[in-house]
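Trainee:
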Amino acid sequence: MTSQMKLHDIDVAAFIKTIDSCKGDVFLETPEGDRLNLKSKLCQFAGIARLIQGGIIAEACIRCELPEDETKLFRFGLFREVPSNT
Numbered sequence: 006m007t008s009q010m011k012l013h014d015i016d017v018a019a020f021i022k023t024i025d026s027c028k029g030d031v032f033l034e035t036p037e038g039d040r041l042n043l044k045s046k047l048c049q050f051a052g053i054a055r056l057i058q059g060g061i062i063a064e065a066c067i068r069c070e071l072p073e074d075e076t077k078l079f080r081f082g083l084f085r086e087v088p089s090n091t
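Residue numbers (the working numbering): 6 to 91.
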């Protein structure tokens, strides 16, 4: 796996669309040791619920299996770039 990315100030719907467009597995990891595969819809719901605690984004990071997915998520985080096709 490649390096980790921190999350902050995200549009949840756009984030999910970007995750869905990834080819490899994408994991949400928390400081407590939780590790959710965000390619699973059930884990997406659990992960988003875990991230948003009391209306505030909790601490977590993203790890991508493929470098191309990491690039896609980096561009989403930096430029709010959402893939047009999934």
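Glycine included, C-beta positions come from ideal geometry on N, C-alpha and C.
1. How many whole angstroms separate the CB atoms of glutamate 34 and arginine 68, which I take to be in contact at a CB cut-off of 8 Å?
2. Which residue wins for smallest C-alpha separation from glycine 29, given the options Ile15, Thr76 and Gly52?
3. By a C-beta neighbour count over all protein chains shown, 10 Å radius and 16 as the cutoff for buried, is leucine 43 buried or exposed?
4. Assuming isoleucine 15 is part of the beta strand (DSSP E), what are its boundary residues?
5. Determine the extent of the beta strand (DSSP E) in which leucine 41 is found, giving its start and end residues.
Mentor: The relevant details are as follows:
1. 6 Å
2. Thr76
3. buried
4. Isoleucine 15 -> no beta strand (DSSP E), and no H or E assigned at all.
5. 40-42
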